[in-house]
């Protein structure tokens, strides 16, 4: 196992052992810069550099610098991360969930019992989890040219989880059951694991720190956690602080990502074989040296490997032989074990956005709040097909290389080739992902893409398809292709997201009835009703606005659920909720997404800034040269449906001059949602009669 010399060296490391009266690094020195290769689908290039370093007895860093092509791979990713923090977060959200899945799979692969067997498991697991430890090094602030160590201001809220570890059990003791459930749900929304697992993690923390600490001003901790849950971090330095604390907090979480999944702890893939290897270390001096490392387990495992490689412990040749054999076995077994994570249900505890997308995350938060407080709304039955499953499908049918070739900029020709390649994927490949589908015949296949209903608002960008069970595969194909529509590609490029696999599907029963949207913010509440759910998100139907939610819902079918919605607002902040009112009564909530609040426009004399655009043709020809409030006279008419691209293209080309957009279309419709949530431009629902010219 060669040195990395990226985040630490043999002479400079976070963890060391004392040999021959000299300190020797045993942790950071073995971390490799794998992330730029993995996120671009160039894992083989990374493995080749690692192989050369091992063969030449050099370091990963030394071999990397010799390879111009590899350096270009690294440079392109680092530069894009520096320019686009959204891509930095996308990279972390894509690779971390896979690392957690791999960790669980590795823990399930049993090795024979000897010092060299367990050390070989440490070596294989370390290489398999190279991305995790690379991320750990990056967000920890180590290494040169690190995008997460920019000299920029950042919110102290980003590192909140670190300050909570020792105090969280005492906070739980002080709070009543309801307040603790609220706090757990808020933490869960940040971490991507169920509130039940947050509670179990607090049990572990209590066993370490106790729960009798004095907690002054506990309400300040509650406010801080709520702020953490409702903050969108937009600077790389903030993201480094946030994800460094997330990685640390995972130490306390249960390992299982499925409701009936493997028991144990996170990071058992390396920690368990390390503990087993320690039991075989008989030399008291060596054992004392290893135990001096402290509580951290992984460095002990790497120290054992290092000592065997230096022939101070065990048998080096035997370790090499066992490592080669185990690597071959692990590669084949991992592909089988990962299939367990093709689909997730609402009962499963995990909802990492990089694994299941933004729409499923919203549904899972609704499910957990309903469970925690016995709320009265219903959720459609359904499941999500994970991005891991879709990525493997795209790789198998050679779509993936076409995506990676255009991951930062995708033109019309590339889009067309990818969509054609998706058409050529056999139906059977999709059917394999649906082997446990027991939903009723009438269903919806809905997009749940990375970044959707999260980092930005992609409202109306990706497709959802109503279908019957025999047409599920066709619907999945349509939704997948919508990831490569012109508007989807441009929307990702707007915020710096890469065109890498972030595709998930929600498959759920279709609920018939009247549709509606409920928009809840600190300032007001907005409600719409329409004949169908599809009409509701288009902004059709009737619309009502009040400052108080209770007043808004009075004498409507939603009145019995006012307390439920108020609680959701308390837990999750400003939100949009889509619902269906079935003929038999009750209410189904079909979606929840965070509502971005654009700062209000502060202009003393709006008249001199306002321009009135009467038609789409007029808008498409317009090029602004000074700041303007754009009143779209046509916005709200039926005939603009399916012509949203004209509006979006105008905003992309003129964003620097658009102070606000006005139109008749209700704010809950997806076009106003995207104007505010994606472009961060204020939108105001105003008819022609409301505007003073």
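Residue numbers (our numbering): 94 to 786. For glycine and all other residues, C-beta sits at the position ideal for the given N, C-alpha and C.
Check, Outcome
"Range of the contiguous alpha helix (DSSP H) that encloses residue 292", "288-302"
"Residue 397 beta carbon less than 7 angstroms from that of residue 223", "no"
"In chain order, each beta strand (DSSP E) run of at least 3 residues that lies wholly inside the segment 361-427", "none"
"Three-state class that DSSP yields for residue 754 in the structure shown", "strand"
"Beta-carbon spacing of residue 578, residue 551 below 7 angstroms", "no"
"Identity of the residue in 764, 474, 753, 278 nearest residue 323 by Cα", "278"
"Runs of alpha helix (DSSP H) lying entirely within the segment 176-244, each at least 4 residues, in chain order", "178-201, 208-221, 223-232"
"Distance, residue 369 Cα to residue 206 Cα", "8 angstroms"
"Complete runs of the alpha helix (DSSP H) confined to the segment 439-516 [at least 4 residues]", "446-466, 480-489, 493-497, 505-516"
"CA nearest to the CA of residue 139, picked from 634, 162, 117, 120", "162"
"Unbroken beta strand (DSSP E) run spanning residue 532, endpoints", "Element bounds for residue 532: n/a, residue is neither H nor E."
"Three or more C-beta pairs below 8 angstroms linking the segment 345-352 and the segment 293-309", "yes"
"Residue span of the beta strand (DSSP E) that contains residue 118, given as start and end", "115-118"
"Alpha carbon of residue 606 to alpha carbon of residue 560, nearest angstrom", "16 angstroms"
"Buried or exposed (CB count within 10 angstroms, at least 16 for buried), residue 179", "buried"
"Enclosing alpha helix (DSSP H) for residue 638 [first to last residue]", "First-last for residue 638: 635-639, but that is the beta strand (DSSP E), not the alpha helix (DSSP H)."
"Runs of alpha helix (DSSP H) lying entirely within the segment 623-693, each at least 4 residues, in chain order", "626-630, 642-646, 655-665"
"Buried versus exposed call for residue 101 [16 or more other C-beta atoms within 10 Å across all chains shown]", "buried"
"First through last residue of the alpha helix (DSSP H) which encompasses residue 97", "Neither: residue 97 is in no alpha helix (DSSP H) and is coded neither H nor E."
"Check whether residue 820 and residue 600 have beta carbons under 7 angstroms apart", "For residue 820 there is no data in the structure shown, the boundaries of the chain being 94 and 786."
"Exposure of residue 749, with buried meaning 16 or more beta-carbon neighbours within 10 Å", "exposed"
"Residues bridged to residue 612 (per DSSP)", "619, 669"
"Buried or exposed by the 16-neighbour rule on C-beta atoms within 10 Å, applied to residue 164", "exposed"
"Given 8 angstroms, three or more beta-carbon pairs between the segment 476-487 and the segment 669-686", "no"
"Alpha-carbon to alpha-carbon, residue 462 and residue 784", "Residue confidence for residue 784 is low, a pLDDT of 49 falling below 50, so the modelled location carries little weight and cannot support an answer."
"Closest Cα partner of residue 171 within the set 408, 236, 203", "236"
"Reference residue 698; option with closest CA among 505, 721, 210, 711", "721"
"Separation of residue 622 from residue 636, as counted between CA atoms", "7 angstroms"
"Coarse secondary structure for residue 715, derived from DSSP in three states", "coil"
"Bridge partner(s) assigned by DSSP for residue 777", "755"
"Residues bridged to residue 162 (per DSSP)", "Residue 162 pairs with nothing; no bridge assigned."
"Three-state class that DSSP yields for residue 268 in the structure shown", "coil"
"Secondary structure of residue 347, DSSP reduced to three states", "strand"
"Heavy atom of the ligand HEM within 6 angstroms of residue 682 beta-carbon", "This structure simply doesn't include the ligand HEM, nor any ligand for that matter."
"Residues that DSSP places opposite residue 561 in a beta bridge", "535"
"Member of 234, 634, 251, 310 whose CA lies at the smallest distance from the CA of residue 243", "234"
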